Amino acid sequence: MQTDQGSPSPARSGLPPHEKRSLRVAGLLASLWCVLLTLFAYQGILSGWEEKVARWEEIPASDSKSSHFALIAIDHIPADRPWPWPRLEYALCLRGLLEQIPQSVVFEVLLSENGTKMSSFDQTFASLVRRMEHVCFAADALLGEQQGEPLPPRAMRLPGAAKLSDLTEYRSVIWPGATFAGASPVGLANLDVGSEEVRSLPLVFRVKEALVPSLALQAGAVYLGADLAQATVRLGHAIILRDRHGKRLRTIPVDAEGRIALRYRHSPKTIPRVDYDSYLVSANQASRGRLSEDELPLLRGRQVWIGVTDGAIVPKMVTPLGPMTPVELQMQITRQIVEGDLIRPLPWFLAAVMAFAFCLWGARLFVRLPVLGAISAIAILFASLVAVSVVTFFFVGLTLPLCTLLLSALGAVLCGMAVRLWNFSPLRQTRSSEAQTLVLEVSASPPPSRTGFSDPVQENPVRSPSAPSAGGSPPSPSRSRLQGALRRLEERRRIEGLSDQNGDLGKG
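Numbering-wise, this note's numbering puts 425 at position 379 of the sequence shown, and it's gapless, one number per residue.
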């Protein structure tokens, strides 16, 4: 439906012009606010707060026992066996493990000491290592170039053109002996943690211009059957593990420094453990037939770690689950990799899109709803997003950027209030809601009678009404017609009066 001028009818023209203008202003303010939030997300300014919020979403640690791992803990160092121990001690441990057929063995202990006492049984130890299916060894990276030895040529170097500028550069290493570890996988056991709670640990290290895997990543790859030569490292995104045929096995999210976020979903107590000395006694008795296989610790098919848990030898680090030793932290990471229990943060660009949509929607609410109604709707939506984040974090480890969304909700309220204040002006004249009516004056007097005789109009022409003054408004058509009729009536009466006077004079 259109008016006479061709413009659309007000009933179908959509929103009023002032409301359209308010919506445009709200969208502009929300866009400016979201540009700031996008910069925050890209630079990772809110990453620390997002991580703390994700920890609040974590439920209490589970008590379910692990079926993949076991720990032989060196929990006490006797006075007659000072630390470090010679390789003969570990050869006795490997001999007992041969009977139980573990999936793999990981030495978290650094076996790099030289000398007659330490290396006199290296050949025996090497023969036992070759009889095992898989054995991983730990190494250490040093900042000084003269403190250790260069990275051996046989060391695993992760492929890919990764940007190494964000990684700490190590310049030398302490590597296990080539006699027994020449063909075995080796990973760096550095933890690189501060004095605060341990929230993340590195999976890769930079040794000069080479990218070397950590012990936890190497152990996880061994358990999954992954070939690290086929892996893809994308710092700031993920490390992708593949088997020798190129099949993807795991996608591990990492930050720009190659660190993985620890998820303390399982307590270290859920990993079966046995004391080192107790295990040696049990293995010795089993080899002599004094113990049956059922009486031995359940190590068959598991990845068995051998590490130090004595607080006098290694420091314990602060975690949300209490103090933990380095070997327990390493096993925590490997368990996450093997079981796929990873924390997957939302990419920064998706977080920016969510923040923009939330802020724009919330700011436009203030144009259409009252203030309290708009704030209530924003609060309900934010609470729903918190609930969704808790559910997704529990089931798939996906964390929503709640801090960014909270700032987005705050921006929506500020932008909406600004639009309402901009649209309100006490000095602005209120527009009349009623349309102006056009008043037409219509003469109520009947038209003059034509029964009488009168002179022709040509002899006594009717004078047209005088033109309106320059300063006044022009008369309406009805008023002009009425004035003309009155003038003609007056002229006719004057003519009739003159006719009567002429008749009287003729009679006299």
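Every residue, glycine too, gets a C-beta built ideally from N, C-alpha and C. In this text, all values refer to a predicted model and were calculated from it rather than measured experimentally.
- Annotated as proximal: Arg305 and Ser246, with beta-carbon spacing under 8 Å.
- With 16 or more other Cβ atoms inside 10 Å of its own Cβ, Asn236 counts as buried.
- Bounds of any alpha helix (DSSP H) do not take in Ala187; it lies within the beta strand (DSSP E) bounded by 181-188.
- In the three-state reduction of the DSSP assignment, Asp126 falls in the coil class.
- When the alpha-carbon of Gln331 is set against those of Glu145, Thr445, Thr84, Pro314, the nearest one is in Glu145.
- Taken through DSSP and simplified to helix, strand or coil, Thr297 comes out as strand.
- Distance from the Cα of Phe115 is smallest, within the candidate group Cys449, Gln376, Leu444, for Gln376.
- When rounded, the separation of the alpha-carbon atoms in Asp387 and Phe395 is 24 Å.
- Looking at the backbone, the Cα of Leu287 and that of Gly271 are separated by about 9 Å.
- In the structure shown, Asp323 adopts helical secondary structure according to DSSP, grouped into three states.
- About 4 Å separates the beta carbons of Glu154 and Val373, which is inside the 8 Å limit, making them a contact pair.
- In the three-state reduction of the DSSP assignment, Met370 falls in the strand class, which pools E and B.
- Taking C-beta separations shorter than 6 Å and ignoring five residues to either side along the sequence, the partners of Arg466 in its chain run Phe412, following chain order.
- The secondary-structure analysis by DSSP pairs Val232 across a beta bridge with Phe183.
- Using a C-beta cut-off of 8 Å, the region 378-386 makes contact with the region 302-322, since at least three inter-stretch Cβ pairs fall below that distance.
- Contact between the region 357-364 and the region 159-172 is absent, with fewer than three C-beta pairs closer than 8 Å.
- If you draw a straight line from the Cα of Leu535 to the Cα of Pro63, it comes to about 53 Å.
- Measuring C-alpha to C-alpha distances from Arg348 to each of Ser333, Ser328, Pro318 identifies Pro318 as the nearest.
- If you draw a straight line from the Cα of Gly194 to the Cα of Ile220, it is about 6 Å long.
- DSSP, reduced to helix, strand and coil, places Thr214 outside both helices and strands of the structure shown, so it counts as coil.
- Rounded to whole angstroms, the separation of the alpha carbons of Ser93 and Ile426 is 25 Å.
- Remark: C-beta atoms of Arg390 and Gly443 approach each other more closely than 8 Å.
- Taking Leu234 as reference, the option from Arg133, Asp212, Leu263 with the minimal CA-CA separation is Leu263.
- In this structure, Met164 sits near Pro132, with a CB-CB distance shorter than 8 Å.
- Contact between Arg177 and Tyr216 is ruled out by a C-beta separation of about 33 Å, above the 8 Å threshold.
- Runs of the beta strand (DSSP E) lying entirely within the region 218-278, each at least 3 residues long, are 218-220, 232-234, 246-248, 250-253, 256-259 in chain order.
- Residue environment: Gly543 is assigned as exposed (fewer than 16 neighbouring CB atoms within 10 Å of its CB, all protein chains considered).
- Between Ser166 and the set Asp186, Leu134, Ala185, Arg410, the nearest pair of CA atoms involves Leu134.
- The beta carbon of Pro198 is closer than 7 Å to those of Trp221 in its chain, skipping five residues each way along the sequence.
- Distance check between Leu344 and each of Gly335, Thr355, Tyr325 places Tyr325 closest, using alpha-carbon atoms only.
- Within the same chain, and ignoring the five residues on either side of Gly457 in sequence, the residues whose Cβ sits closer than 6 Å to its Cβ are Trp79, Cys405.
- According to the DSSP assignment, Gln192 belongs to no alpha helix (DSSP H), since it is labelled neither H nor E.
- In this structure, Leu83 sits away from Ser435, with a CB-CB distance that is not shorter than 8 Å.
- Cys182 is not a Cβ neighbour of Val99, given a cutoff of 8 Å.
- In the DSSP assignment, Val360 falls outside any beta strand (DSSP E) and carries neither an H nor an E.
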